[in-house]
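2 protein chains.
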Amino acid sequence: MYSLLVADDHPLFRDALHAVISAGLADTQLLEANDLATAIRTIEAHDELDLLLLDLSLPDADGLEGLKTLRDTFPWLPVAIVSAHQERQLVLDAIAMGAVGYIPKSTPREQLLVALTQILQGQLYLPADIMRRPSAQSEPHVDKLPPETSRGRLASLTDKQLDVLDCMAQGMSNKHIARELSIAETTVKTHVSAILRKLEATSRVHAIVIANKQDLGVYLAQRHSS
Amino acid sequence: MYSLLVADDHPLFRDALHAVISAGLADTQLLEANDLATAIRTIEAHDELDLLLLDLSLPDADGLEGLKTLRDTFPWLPVAIVSAHQERQLVLDAIAMGAVGYIPKSTPREQLLVALTQILQGQLYLPADIMRRPSAQSEPHVDKLPPETSRGRLASLTDKQLDVLDCMAQGMSNKHIARELSIAETTVKTHVSAILRKLEATSRVHAIVIANKQDLGVYLAQRHSS
DNA sequence: CGCACCTTCATCCTTTGGTAGGAGACGCCA
DNA sequence: TGGCGTCTCCTACCAAAGGATGAAGGTGCG
Numbered sequence: 050m051y052s053l054l055v056a057d058d059h060p061l062f063r064d065a066l067h068a069v070i071s072a073g074l075a076d077t078q079l080l081e082a083n084d085l086a087t088a089i090r091t092i093e094a095h096d097e098l099d100l101l102l103l104d105l106s107l108p109d110a111d112g113l114e115g116l117k118t119l120r121d122t123f124p125w126l127p128v129a130i131v132s133a134h135q136e137r138q139l140v141l142d143a144i145a146m147g148a149v150g151y152i153p154k155s156t157p158r159e160q161l162l163v164a165l166t167q168i169l170q171g172q173l174y175l176p177a178d179i180m181r182r183p184s185a186q187s188e189p190h191v192d193k194l195p196p197e198t199s200r201g202r203l204a205s206l207t208d209k210q211l212d213v214l215d216c217m218a219q220g221m222s223n224k225h226i227a228r229e230l231s232i233a234e235t236t237v238k239t240h241v242s243a244i245l246r247k248l249e250a251t252s253r254v255h256a257i258v259i260a261n262k263q264d265l266g267v268y269l270a271q272r273h274s275s
Numbered sequence: 050m051y052s053l054l055v056a057d058d059h060p061l062f063r064d065a066l067h068a069v070i071s072a073g074l075a076d077t078q079l080l081e082a083n084d085l086a087t088a089i090r091t092i093e094a095h096d097e098l099d100l101l102l103l104d105l106s107l108p109d110a111d112g113l114e115g116l117k118t119l120r121d122t123f124p125w126l127p128v129a130i131v132s133a134h135q136e137r138q139l140v141l142d143a144i145a146m147g148a149v150g151y152i153p154k155s156t157p158r159e160q161l162l163v164a165l166t167q168i169l170q171g172q173l174y175l176p177a178d179i180m181r182r183p184s185a186q187s188e189p190h191v192d193k194l195p196p197e198t199s200r201g202r203l204a205s206l207t208d209k210q211l212d213v214l215d216c217m218a219q220g221m222s223n224k225h226i227a228r229e230l231s232i233a234e235t236t237v238k239t240h241v242s243a244i245l246r247k248l249e250a251t252s253r254v255h256a257i258v259i260a261n262k263q264d265l266g267v268y269l270a271q272r273h274s275s
């Protein structure tokens, strides 16, 4: 016997949720609230709640603030977010604030049941499609060749220049680099100038930023391993 | 037929994982690597990998840096973290960086199979015990300020100093920063000096390296969102 | 109110970073 | 052999970065 509370100001969605739950989750009591204030009163009156489904766009609590106050006030109550938003960062923030799950309103019925049972069993639920999308959504064969295209500018550097750039990226001064590589500081300067020209950077800091964007670490690891 | 790659420098753990998988996941090819460099080479040689299990304490890639480079280089490859650490924030950071799961090394065998199958089916997996523990069991006042422990030195910076550091990390010169923030260049210098002192850096480049090691980006994102 | 802290800006000075130009040594290749 | 590129080093010169102070205005707190 589970007892859930749905805090959402859309009656249609509450009804839909009601239908899904009563069809798929036997023996479940479903309470409802259409704003945060009544939700809080309901929680205080029912101290045996198993889960709160919290909408993120309530009239009296927009965004994650409602979640925060609820977590602070009723730390014993698991809260799962229900929202129309689909931003990765929002999901992560919600979990970071103690939510035990994030259910997009676009979730199909069957998946919604999976999510609820998973959460009620003590697991977390995150929308896989959203969380995986930004990087792994396309088929694996498309973005398979990053080497010489993305590494465009890094590849134009000579071995010694890469050595120098590596030192630069670790925060060394020209003098340090000279000692490290056993060459004169003027030589280091020569290399640095060449690096800046090739990377089209305006300063050594800029060069390092560019190099990191182009995965200097991976590039160096690949060179050293081959 | 799944094919997995385990990147972990502990042979014992690799063996244990091997045993669990061959016992519970039929038809699974398991590749192994004991550092990041060989892992990268293995990935390049096997473009049909379904999942990478990445340890967070590899000899040539400590912490989340390895995950970052892997996500940047092979965005098509799902990466799940395997780690002995049990900090909430670390788990969240890993997911934020594109990991599809986080498996503590203390996970019991049965649960490990659950996690792997869940991940291989396209879901995310997070350790419920860790994620629920800190906020749902202890009093609400304890975990309200996580900053100062993990982000040691960064937390000692003032708001303006963080602004300046952010600009620095993007490769701007003092003059640029002055224009960007609408303050005098001498003021920027003052801030930079304070930053170097607090981060115990010897130059602006060094400061940026240190800041990146302490996840400046994540830290700033958290501040701006709160 | 005094006190601490942050932010702002200034001056003076030293060190570092970066450019320009030249030059010698080595290896590679047509 | 001559040309090409890389690595090495040098002399200058100028711009940027950084340290050491001082000082003024603001905020917050006991």
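Quick mapping for you: the protein sequence lines, in order, are chains A and Z.
My numbering puts the first residue of the first sequence at 50, with every later residue one more than the last.
My numbering puts the first residue of the second sequence at 50, with every later residue one more than the last.
Where a beta carbon is used, it is the ideal one built from N, C-alpha and C, also for glycine.
> Looking only at C-alpha atoms, which of A/E93, A/S222, A/A129, A/M217 sits nearest to A/L103?
Replying inline: On the first sequence, position 54 is the one that residue 103 of chain A refers to. For A/L103, the closest C-alpha among the options A/E93, A/S222, A/A129, A/M217 is that of A/A129.
>> Please state the DSSP three-state secondary structure of Z/L211.
In response: Here residue 211 of chain Z refers to the residue found at position 162 when the second sequence is read from its first residue. Residue state, collapsed to three classes: helix.
> When we look at the beta-carbon of Z/L53 and count the other beta-carbons within 10 Å, is it buried (16 or more) or exposed?
Replying inline: For the purposes of this step, residue 53 of chain Z is taken as the residue at position 4 of the second sequence. Answer is buried; the Cβ neighbour count reaches 16.
>> For a minimum of 4 consecutive residues, which ranges assigned as the alpha helix (DSSP H) are wholly contained in the stretch 74-159 of chain A?
In response: Listed in chain order, they are 85-94, 114-122, 137-145.
>> Tell me which residue opens and which closes the alpha helix (DSSP H) that Z/S242 is part of.
In response: Numbered from 1 along the second sequence, position 193 holds the residue referred to as residue 242 of chain Z. If you look at Z/S242, you'll find it in the alpha helix (DSSP H) that goes 234-248.
>> Assuming contact is defined by CB atoms lying nearer than 9 Å, are Z/V254 and A/I257 in contact in what I supplied?
In response: On the second sequence, position 205 is the one that residue 254 of chain Z refers to. On the first sequence, position 208 is the one that residue 257 of chain A refers to. Contact check for Z/V254 against A/I257 passes: the beta carbons are separated by less than 9 Å.
>> Considering Cα atoms alone, identify which of A/A56, A/A65, A/Q219 is closest to A/T87.
In response: Taking the first residue of the first sequence as position 1, residue 87 of chain A is located at position 38. Measuring from the Cα of A/T87, the nearest candidate turns out to be A/A56.
> Is the Cβ of Z/T235 closer than 9 Å to any Cβ of chain A?
Replying inline: Translated into positions along the second sequence, residue 235 of chain Z becomes position 186. No, because no Cβ of chain A sits closer than 9 Å to the Cβ of Z/T235.
> In terms of residue numbering, what span does the alpha helix (DSSP H) encompassing A/L230 cover?
Replying inline: For the purposes of this step, residue 230 of chain A is identified with residue 181 of the first sequence, where counting begins at 1. Counting along the chain, the alpha helix (DSSP H) containing A/L230 begins and ends at 223-230.
> Does any heavy atom of the ligand SAH sit closer than 8 Å to the C-beta of Z/A218?
Replying inline: Within the structure as shown, the ligand SAH is missing, as the structure has no ligands at all.
> Any Cβ of chain A within less than 9 Å of the Cβ of Z/P189?
Replying inline: Counting from one through the second sequence, the residue named residue 189 of chain Z turns up at place 140. With a pLDDT of 29 at Z/P189, under the threshold of 50, the predicted position of this residue should be treated as unreliable, and no value is reported.
> Given that a residue counts as buried once 16 or more other Cβ atoms are within 10 Å of its Cβ, and exposed if not, what is A/S132?
Replying inline: Translated into the one-based positions of the first sequence, residue 132 of chain A becomes position 83. Its Cβ being crowded by 16 or more others within 10 Å, A/S132 is buried.
> With C-beta atoms as the reference, is A/L127 less than 9 Å away from A/L100?
Replying inline: Mapped onto the first sequence, residue 127 of chain A falls at position 78. Mapped onto the first sequence, residue 100 of chain A falls at position 51. Reading off the sequence, residue 127 of chain A comes out as Pro, not Leu. In this structure, A/P127 lies near A/L100, with their beta-carbon atoms less than 9 Å apart.
> Nearest chain Z C-beta to A/T251 closer than 9 Å, yes or no?
Replying inline: For the purposes of this step, residue 251 of chain A is taken as residue 202 along the first sequence, with counting starting at 1. Yes - at least one Cβ of chain Z is within 9 Å of the one on A/T251.
> Do the stretch 60-69 of chain Z and the stretch 107-119 of chain Z meet, that is, are 3 or more Cβ pairs less than 8 Å apart?
Replying inline: Taking a contact to require three or more Cβ pairs closer than 8 Å, the stretch 60-69 of chain Z and the stretch 107-119 of chain Z do not qualify as touching.
> Residues of chain Z with CB under 7 Å from A/D264, in chain order?
Replying inline: Here the question's residue 264 of chain A lines up with position 215 in the first sequence. Simply T118, D121, T122.
>> By the three-class DSSP mapping on this structure, what secondary structure does A/S52 have?
In response: As a position in the first sequence, residue 52 of chain A is number 3, starting the count at 1. Of the three classes helix, strand and coil, the one that applies to A/S52 here is strand, per DSSP.
>> Can you list, in chain order, the residues of its chain with a C-beta nearer than 8 Å to that of Z/S205? Leave out the 5 residues immediately preceding and following it.
In response: Counted from its first residue, the second sequence places residue 205 of chain Z at position 156. So the list reads K247, once near-sequence residues are dropped.
> Given Z/K238, which residues of its chain have a CB within under 8 Å of its CB, disregarding the five upstream and five downstream residues?
Replying inline: For the purposes of this step, residue 238 of chain Z is identified with residue 189 of the second sequence, where counting begins at 1. Cβ-Cβ distances below 8 Å link Z/K238 to N223 in the same chain, with the five nearest sequence neighbours on each side left out; the list follows chain order.
> Beta-carbon separation of Z/I244 and Z/M217 under 9 Å?
Replying inline: By one-based count along the second sequence, residue 244 of chain Z stands at place 195. By one-based count along the second sequence, residue 217 of chain Z stands at place 168. For Z/I244 and Z/M217, yes; Cβs fall inside 9 Å.
>> According to DSSP, A/Y174 sits in a beta bridge with which residue or residues?
In response: For the purposes of this step, residue 174 of chain A is taken as the residue at position 125 of the first sequence. Per DSSP, the beta bridge partners of A/Y174 are A/G150.
> Closer than 9 Å, CB to CB, is A/I244 near chain Z or not?
Replying inline: Locating residue 244 of chain A in the first sequence gives position 195, counting from the first residue. Taking Cβ atoms only, chain Z never reaches closer than 9 Å to A/I244, which makes this a no.
> Under the rule that 16 or more other beta-carbon atoms within 10 Å means buried, what is A/A260, buried or exposed?
Replying inline: Taking the first residue of the first sequence as 1, we reach residue 260 of chain A at position 211. Classification for A/A260: buried.
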